[in-house]
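Undergrad: Just passing along the structure, written as structure tokens.
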Amino acid sequence: MTLIRMAIVCVLGLAALSHSQQALALTGTGEPHRPELGMTMVAQATGGGIQGDTARQEPGDEFGDEFEDEFSEYYEADELAQAPSVSDPLEGFNRAMFWFNDYFYFYAAKPVARTWEAVLPQPLRRGISNAFYNLRFPIRFVNSLLQGKPGRAAQETGRFLLNSTFGLGGLVNVAKGVDLDPPEEDLGQTLGVWGIGQGFFLYLPFLGPSSARDLVGNTGDYFLDPLTWLFWDFGDEDKQLKEWSDSERLWVPLAIRAGDNINELSFRLGDYEALKKASLDPYAAIRDIYMQARQNQVKQ
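Numbered per our numbering, the sequence shown spans residues 1 to 300.
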């Protein structure tokens with residue numbers, strides 16, 4: 001029963017991820033809490049950046065104004081109109097997964113995130129978000145080095161040390177006050193810097209938008225994440241840890257990640273709905289913005 005409960009938690013967390021992780025890719029930052037994070041990226045599609053039949057701008061749309069303010073640094077307003085067409089040979093599968101995730105969001109992840117939001121005060125949720133971002137420092141540091149950006153790696157190190165000490169283990173983002181706020185790097189971007197193209201678009205169950213390149217990159221980042229190895233027995237004397245099965249060492253980190261994803265989603269409830277309302281084809285809006293934004297992040 002324990003594993004079943006963990007599996008349910010993980011599935012809910014992955015569903016939340018599909019509606020929170022997408023903005024991270026669009027905006028180039030996973031820093032908590034910023035309005036542009038999470039699959040709320042999709043909600044940012046309601047701004048003036050999408051042309052044609054993928055979106056429509058409502059007069060006086062406040063979300064469109066927010067989009068212009070927060071997303072404009074990553075692309076010019078007409079970039080998507082000039083962008084090359086997206087390779088989407090699996091469109092039938094991708095659209096099916098989009099609607100699967102949509103259903104799961106409304107009937108599973110969103111109710112859980114709404115309850116989470118009601119139970120935990122915002123300062124506590126923000127502290128949780130900060131702590132998880134701080135924990136993922138190795139991903140950003142290693143990829144900064146792999147991209148030949150030692151200055152950015154030094155910034156990441158300074159941020160991590162400052163937040164880990166004066167920020168109470170990362171709960172408080174004190175580094176932001178001293179301008180230690182480098183853009184987030186990941187292995188997908190690193191592969192792009194090395195000249196590897198994005199490949200075809202993918203929309204994965206629970207995980208949301210991706211590409212052939214990002215699928216490989218996310219796998220590599222998984223092994224750079226300290227949470228992946230946190231509960232593995234490397235010969236220490238922790239008797240309780242030694243009693244854990246391999247499946248428990250796998251599911252516990254996934255359950256913790258699920259909590260992180262639900263926490264992030266709690267900041268962005270309503271963003272996905274805004275995208276659906278503003279887009280004639282929300283799937284196409286997500287696809288086009290995601291691929292264009294990832295391309296722009298590589299150039300940063």
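We treat Cβ as the ideally placed atom computed from N, Cα and C, and that holds for glycine.
Owing to the predicted nature of the structure, the values given are computational and were not obtained by experimental measurement.
(1) Going by CA-CA distance only, name the one from Lys277, Asn296, Ser266, Met291 that's closest to Val112.
(2) Would DSSP call Leu204 helix, strand or coil?
(3) Quick one: complete beta strand (DSSP E) runs, 3+ long, within the segment 160–236?
(4) Along the chain, where does the alpha helix (DSSP H) that runs through Leu265 open and close?
(5) Flag this pair as yes or no: are the beta carbons of Gln189 and Gln292 separated by less than 9 Å?
(6) Is it buried or exposed for Asp179, if we count other Cβ within 10 angstroms and need 16 for buried?
(7) In this structure, does DSSP put Asp281 in helix, strand or coil?
(8) How long is the line joining the alpha carbons of Phe106 and Ala284, rounded to whole angstroms?
(9) Is His33 helix, strand or coil when you go by DSSP?
(10) Check Leu120 in the structure and name its three-state DSSP category.
(11) Exposed or buried, Leu202, counting other C-beta atoms within 10 Å across all chains shown (16 or more means buried)?
(12) Whose C-beta lies closer than 7 Å to the C-beta of Val193 among residues of the same chain, with five residues either side of it excluded?
(13) Measuring straight from C-alpha to C-alpha, what distance separates Tyr290 and Pro209?
(14) Give the secondary structure of Gly89 by DSSP, where H, G and I count as helix, E and B as strand, and everything else as coil.
(15) Could you check if Pro123 is buried or exposed, using at least 16 other CB atoms within 10 Å of its CB as the buried criterion?
(16) Do Pro183 and Gln300 count as a contact pair if the criterion is CB distance below 9 Å?
(17) Within 10 angstroms of its Cβ, does Gly127 collect 16 or more other Cβ (buried), or is it exposed?
(18) Determine the DSSP secondary structure at Lys276, reduced to helix, strand or coil.
(19) Going by DSSP in three states, Pro138 sits in which element: helix, strand or coil?
(20) Any contact between the segment 132–140 and the segment 155–171? By contact I mean 3 or more CB pairs, one from each, below 8 Å.
(21) Beta-carbon separation of Ser144 and Glu156 under 9 Å?
(22) Gly197 to Ser87, Cα distance in whole Å?
(23) Take Ala258 as the anchor and find which of Val174, Asp281, Trp116, Ala154 has the nearest alpha-carbon.
(24) Compute the Euclidean distance between the alpha carbons of Phe200 and Asp214, then round it to the nearest angstrom.
(25) Please state if the CB of Ile256 and the CB of Phe186 are separated by a distance shorter than 9 Å.
(26) Give the straight-line distance between the Cα atoms of Asp246 and Asp281, rounded to the nearest whole angstrom.
(27) Just verifying my parser: in three-state terms, what is the DSSP assignment at Gly270?
TA: The answer reads as follows:
(1) Locating residue 112 in the sequence shown gives position 112, where the first residue counts as 1. Cα-wise, what sits closest to Val112 is Ser266.
(2) Within the sequence shown, numbered from 1, the residue matching residue 204 stands at position 204. Strand.
(3) 201–204, 208–211
(4) By one-based count along the sequence shown, residue 265 stands at place 265. Unbroken alpha helix (DSSP H) run through Leu265: 246–266.
(5) Position 189 of the sequence shown holds residue 189. Position 292 of the sequence shown holds residue 292. In this structure, Gln292 does not lie closer than 9 Å to Gln189 by Cβ.
(6) For this step, residue 179 is matched to residue 179 along the sequence shown. So Asp179 counts as exposed.
(7) Along the sequence shown, one-based indexing puts residue 281 at 281. Asp281: coil per DSSP, three-state reduction.
(8) Taking the first residue of the sequence shown as 1, we reach residue 106 at position 106. Taking the first residue of the sequence shown as 1, we reach residue 284 at position 284. Going by the C-alpha atoms only, they are around 20 Å apart.
(9) For the purposes of this step, residue 33 is taken as the residue at position 33 of the sequence shown. Bear in mind that a pLDDT of 44 at His33, under 50, signals an unreliable position, so the number given afterwards is only what the model happens to contain. Looking at His33 - three-state DSSP - the assignment turns out to be coil, as it is neither helix nor strand.
(10) Within the sequence shown, numbered from 1, the residue matching residue 120 stands at position 120. In the structure shown, Leu120 sits in coil (DSSP, three-state: anything other than H, G, I, E or B).
(11) The residue you call residue 202 lines up with position 202 of the sequence shown. Looking at its Cβ environment, which holds 16 or more other Cβ atoms inside 10 Å, Leu202 is buried.
(12) Position 193 of the sequence shown, counted from the first residue, corresponds to residue 193. Taken in chain order, the residues that qualify are Gln147, Val298.
(13) Locating residue 290 in the sequence shown gives position 290, counting from the first residue. Locating residue 209 in the sequence shown gives position 209, counting from the first residue. About 7 Å.
(14) Against the sequence shown, residue 89 aligns to sequence position 89. The sequence given here places Pro at residue 89; Gly does not occur at that position. Pro89: coil per DSSP, three-state reduction.
(15) For the purposes of this step, residue 123 is taken as the residue at position 123 of the sequence shown. Pro123 is exposed by the Cβ-count criterion.
(16) Here residue 300 corresponds to residue number 300 of the sequence shown, with the count starting at 1. Here residue 183 corresponds to residue number 183 of the sequence shown, with the count starting at 1. Yes; because the gap between Cβ atoms is below 9 Å, this pair is in contact.
(17) Within the sequence shown, residue 127 is the residue found at index 127, counting from 1. Counting Cβ neighbours within 10 Å, Gly127 comes out buried, since at least 16 surround it.
(18) What you label residue 276 is simply residue 276 of the sequence shown in a count that begins at 1. Three-state result, Lys276: helix.
(19) By one-based count along the sequence shown, residue 138 stands at place 138. Correct three-state label for Pro138: helix.
(20) yes
(21) Counting from one through the sequence shown, the residue named residue 144 turns up at place 144. Counting from one through the sequence shown, the residue named residue 156 turns up at place 156. A contact, by the Cβ cut-off of 9 Å.
(22) Within the sequence shown, numbered from 1, the residue matching residue 197 stands at position 197. Within the sequence shown, numbered from 1, the residue matching residue 87 stands at position 87. Roughly 11 Å between the two C-alpha positions.
(23) Numbered from 1 along the sequence shown, position 258 holds the residue referred to as residue 258. Nearest of Val174, Asp281, Trp116, Ala154 to Ala258, Cα basis: Trp116.
(24) If you number the sequence shown from 1, residue 200 lands on position 200. If you number the sequence shown from 1, residue 214 lands on position 214. Straight-line Cα distance between these residues: approximately 10 Å.
(25) In the sequence shown, the residue the question calls residue 186 occupies position 186. In the sequence shown, the residue the question calls residue 256 occupies position 256. Before going on, a small fix: residue 186 reads as Asp here, not Phe. No, the pair does not count as a contact, with Cβ atoms beyond the cut-off.
(26) Working through the sequence shown from its first residue, we reach residue 246 at position 246. Working through the sequence shown from its first residue, we reach residue 281 at position 281. Going by the C-alpha atoms only, they are around 43 Å apart.
(27) The residue given as residue 270 occupies position 270 in the sequence shown. Coil, per DSSP.
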